[in-house]
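Numbering (the numbering used here), first residue to last: 189 to 461.
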């Protein structure tokens, strides 16, 4: 009852991979009739148990049938089991995570792909990339923001940070014990706070305010005075104290005169006293 391996064979070129394993490189796709034969051979029959089905697939040389992703899609759902069917139709993210997990067999390999960062905005991106390195290990069931901040994430984030920020970030990062999303909010808070102070906002107006409020005020600053280091903006290491923006100066709580240039009036931004 064993199906000949040759029935579903096709030309492949075997390449030498790390560890001495042979990685097949497919050079021809299956045609329609071949795909139909694969479906006929490997589809789980009604009433056939999952384990019996897998045993049959193994002894019919299922491990020798190498399919491209679009070919798998053309096969449709081969299983009768609802739980297995759900796994055979993963989301794009889960499929990508599984592929990355197979290509990079350890979290350390993935963490090594993260590079140095010079700005807070880039630092948050790197933090989420490090979270993703661990999220891949979950098989794509979680995203980077859901990952608990590990010692490895903390150490790597600090190691890749610019020297001038390491001391200020050390206490914030090392004290983090929540998830990546929590640390992503905490990392830029110090910069939001400093930028607002440099812009002339009184310390008492800033202290104790939620990060979301500080971020709202910070976004009202001119782009050149926000230390995010985005395209066309300065990096954190270049930030210097600057004059407060006109709409934060004493006596500027009125809306600008119609027709005159200037930032829009915002009643929710504190004025200097």
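C-beta atoms are modelled at their ideal positions from N, C-alpha and C, and glycine is treated no differently.
Small disclaimer: the values here were computed from a predicted structure and weren't measured.
Residue i versus the options, residue with shortest Cα-Cα distance
i, options, result
"residue 337", "381, 273, 365, 383", "365"
"residue 296", "242, 320, 230, 233", "320"
"residue 383", "323, 412, 302", "412"
"residue 218", "258, 351, 239", "258"
"residue 264", "225, 290, 291, 292", "225"
"residue 363", "262, 300, 343", "343"
"residue 254", "216, 350, 339, 283", "216"
"residue 339", "361, 351, 355, 356", "361"
Contact under 9 Å by Cβ, residue i with residue j
i, j, result
"residue 314", "residue 345", "yes"
"residue 406", "residue 371", "no"
"residue 332", "residue 317", "yes"
"residue 311", "residue 268", "no"
"residue 402", "residue 377", "yes"
Presumed contact (8 Å Cβ cut-off) between residue i and residue j, rounded CB distance
i, j, result
"residue 367", "residue 335", "6 Å"
"residue 227", "residue 266", "7 Å"
"residue 230", "residue 245", "5 Å"
"residue 285", "residue 328", "3 Å"
Local conformation of residue i per DSSP, three classes
i, result
"residue 436", "Confidence is the limiting factor: at residue 436 the pLDDT is only 41, short of 50, which leaves the residue's position unreliable, though a coordinate-based value still follows. It is helical."
"residue 409", "coil"
"residue 414", "coil"
"residue 316", "helix"
"residue 273", "helix"
"residue 266", "coil"
"residue 367", "strand"
"residue 336", "strand"
"residue 322", "helix"
"residue 230", "helix"
"residue 404", "helix"
"residue 225", "helix"
"residue 305", "coil"
"residue 397", "coil"
"residue 253", "coil"
"residue 220", "helix"
"residue 288", "helix"
"residue 330", "coil"
"residue 296", "helix"
"residue 310", "helix"
"residue 238", "helix"
"residue 360", "helix"
"residue 348", "coil"
"residue 387", "coil"
Rounded C-alpha distance that separates residue i from residue j
i, j, result
"residue 358", "residue 298", "23 Å"
"residue 388", "residue 409", "11 Å"
"residue 252", "residue 302", "36 Å"
"residue 323", "residue 288", "11 Å"
"residue 424", "residue 273", "Confidence at residue 424 is low in this model, with a pLDDT of 36, below 50, so the placement of that residue is unreliable and no value is reported for it."
"residue 243", "residue 233", "13 Å"
"residue 436", "residue 395", "Since pLDDT at residue 436 reaches only 41, below the 50 mark, its modelled position is unreliable, and no value is offered."
"residue 223", "residue 353", "57 Å"
"residue 393", "residue 386", "13 Å"
"residue 281", "residue 293", "18 Å"
"residue 221", "residue 325", "37 Å"
"residue 390", "residue 398", "16 Å"
"residue 501", "residue 241", "As displayed, the chain neither begins before 189 nor continues past 461, which places residue 501 out of reach and without an answer."
"residue 247", "residue 330", "35 Å"
"residue 350", "residue 404", "26 Å"
"residue 355", "residue 369", "22 Å"
"residue 306", "residue 300", "17 Å"
"residue 426", "residue 414", "Residue placement at residue 426 cannot be trusted, given a pLDDT of 34 that sits under 50; the coordinates are not used to answer."
"residue 291", "residue 260", "19 Å"
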